[in-house]
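Trainee: One structure is given below, represented as structure tokens, and several questions about it will come after.
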Amino acid sequence: MRIRKKKWVEPFLKLDHPTYIKEPETLINQWQSTFNKGFLHLEIGAGKGDYWLNMARQHPQALWVALEKEETVGAMAIRKAYAFDVDNAFFIIDDASRITEFFGEHEVDIIHLNFSDPWPKKSHWRRRLSSESYIDDYRKILKPDGKIIMKTDNRQLFEYSLVNFNQQRFTLEEVYLDFRDAYYEKINKLDAITEYEQRFIDLEQPIYRGIWRKHA
Ligand SMILES: C[S@@+](CC[C@H](N)C(=O)[O-])C[C@H]1O[C@@H](n2cnc3c(N)ncnc32)[C@H](O)[C@@H]1O
Numbered sequence: 243m244r245i246r247k248k249k250w251v252e253p254f255l256k257l258d259h260p261t262y263i264k265e266p267e268t269l270i271n272q273w274q275s276t277f278n279k280g281f282l283h284l285e286i287g288a289g290k291g292d293y294w295l296n297m298a299r300q301h302p303q304a305l306w307v308a309l310e311k312e313e314t315v316g317a318m319a320i321r322k323a324y325a326f327d328v329d330n331a332f333f334i335i336d337d338a339s340r341i342t343e344f345f346g347e348h349e350v351d352i353i354h355l356n357f358s359d360p361w362p363k364k365s366h367w368r369r370r371l372s373s374e375s376y377i378d379d380y381r382k383i384l385k386p387d388g389k390i391i392m393k394t395d396n397r398q399l400f401e402y403s404l405v406n407f408n409q410q411r412f413t414l415e416e417v418y419l420d421f422r423d424a425y426y427e428k429i430n431k432l433d434a435i436t437e438y439e440q441r442f443i444d445l446e447q448p449i450y451r452g453i454w455r456k457h458a
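For what it's worth, our numbering labels the leading residue of the sequence shown as 243, then goes sequentially.
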């Protein structure tokens, strides 16, 4: 999500905010002991934070950390968090290529990838958040039975990810080819809608979703 940098962003990010983690590397291997919560969820490419905040509200006993590389988008999410009473939601503004500096081995329970940029050009495959080197890092920070949950509107990206997760020793446990279909409505109420997802729901486009579990 590219948004022109807004004037308020730089001074805003210089201030302290309850959800903003400025130096995530200082929390490596200490997320759960510092915040004293249950499962550690990490959303990568969190955008303006709707999913992160709504899931944190729905699951107050868990720890919800979001990571987003674009400063303006991240600042919007951190600002949005002021409207909610949450003590279990934290935001990092940085690039996913640095996650092993922020999370230790076997520290994360569940990674969420929501509507990741598809980067359709072959020459850009390394930028996809489900390319080999990212999955390598996910393996390192995930617990031995940790999970990856991915939602996307993009069929090509979904197929690419299915193959890659399988090759990198993740077992597909659940798959949905039309996640917001009325049939699943009851289950899906447990899963918050992201900003991008709402656009595709409005366009009546199918949402693909997969849940993979790490295996040895
Ligand atoms: C298409 S948007 C989706 C945003 C949100 N997850 C949603 O579903 O509405 C993808 C987001 O991932 C972020 N992103 C892409 N590559 C990233 C990376 N390497 N590290 C962190 N964030 C990244 C982009 O800046 C953008 O905000």
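All residues carry an ideal CB built from backbone N, CA and C; glycine is no exception.
Here the structure is a predicted model, which is why all the values come from computation and not from measurement.
#1: Quick one: Cα of I443 to Cα of M318, how far?
#2: Around the C-beta of F326, are 16 or more other C-beta atoms found within 10 angstroms, so that it is buried, or is it exposed?
#3: CB Y452 to CB L399, shorter than 8 Å?
#4: Quick check: what's the CA-CA separation for Q410 versus Y402?
#5: According to DSSP, is I320 helix, strand or coil?
#6: Using a Cβ cut-off of 8 Å (strictly closer), state whether A317 contacts chain C.
#7: Return yes when at least one heavy atom of ligand 1 lies under 7 Å from the C-beta of K311, else no.
#8: Is it true that the CB of K393 sits closer than 8 Å to the CB of E439?
#9: Exposed or buried, what is P253 when buried is set at 16 or more other beta-carbons lying within 10 Å of its beta-carbon?
#10: Just to check, is the beta-carbon of E252 closer than 7 Å to a non-hydrogen atom of ligand 1?
#11: Does the separation of the CB atoms of E343 and I270 fall below 8 Å?
#12: Start and end of the beta strand (DSSP E) containing E415?
#13: Would you mind working out which of T314, E267, G291 and Q303 sits nearest K248, comparing C-alpha positions?
#14: Check D351 in the structure and name its three-state DSSP category.
#15: Looking at the structure shown, is F332 part of a helix, part of a strand, or coil, going by DSSP?
#16: At what residue ranges does the stretch 340 to 391 contain a whole run of the beta strand (DSSP E), taking only runs of 3 or more?
Mentor: According to the structure data:
#1: As a position in the sequence shown, residue 443 is number 201, starting the count at 1. As a position in the sequence shown, residue 318 is number 76, starting the count at 1. Cα to Cα, the separation comes out at about 23 Å.
#2: Within the sequence shown, numbered from 1, the residue matching residue 326 stands at position 84. In summary, F326 is exposed, with fewer than 16 beta-carbon neighbours lying within 10 Å of its beta-carbon over all protein chains present.
#3: The residue you call residue 452 lines up with position 210 of the sequence shown. The residue you call residue 399 lines up with position 157 of the sequence shown. Just to set this straight, residue 452 is Gly in the shown sequence, not Tyr. No, they are not a contact pair.
#4: If you number the sequence shown from 1, residue 410 lands on position 168. If you number the sequence shown from 1, residue 402 lands on position 160. Going by the C-alpha atoms only, they are around 12 Å apart.
#5: Working through the sequence shown from its first residue, we reach residue 320 at position 78. Residue state, collapsed to three classes: helix.
#6: Protein chains in the displayed structure number just one, and chain C is not present.
#7: Start at 1 with the first residue of the sequence shown, and residue 311 comes out as number 69. Answer for K311: yes, Cβ within range of ligand 1.
#8: For this step, residue 439 is matched to residue 197 along the sequence shown. For this step, residue 393 is matched to residue 151 along the sequence shown. Yes. Within cutoff.
#9: Counting from 1 along the sequence shown, the entry for residue 253 is found at position 11. The residue in question, P253, is exposed, as its Cβ has fewer than 16 Cβ neighbours within 10 Å.
#10: Taking the sequence shown and counting its residues from 1, one reaches residue 252 at position 10. Ligand 1 has no heavy atom closer than 7 Å to the beta-carbon of E252.
#11: Within the sequence shown, the letter at position 101 stands for residue 343. Within the sequence shown, the letter at position 28 stands for residue 270. Yes, these two residues count as a Cβ contact at 8 Å.
#12: Working through the sequence shown from its first residue, we reach residue 415 at position 173. That run of the beta strand (DSSP E) goes F412 to Y418.
#13: For the purposes of this step, residue 248 is taken as the residue at position 6 of the sequence shown. K248 has its Cα closest to that of T314, out of T314, E267, G291 and Q303.
#14: Here the question's residue 351 lines up with position 109 in the sequence shown. Looking at D351 - three-state DSSP - the assignment turns out to be strand.
#15: Within the sequence shown, numbered from 1, the residue matching residue 332 stands at position 90. Residue state, collapsed to three classes: strand.
#16: 350 to 356
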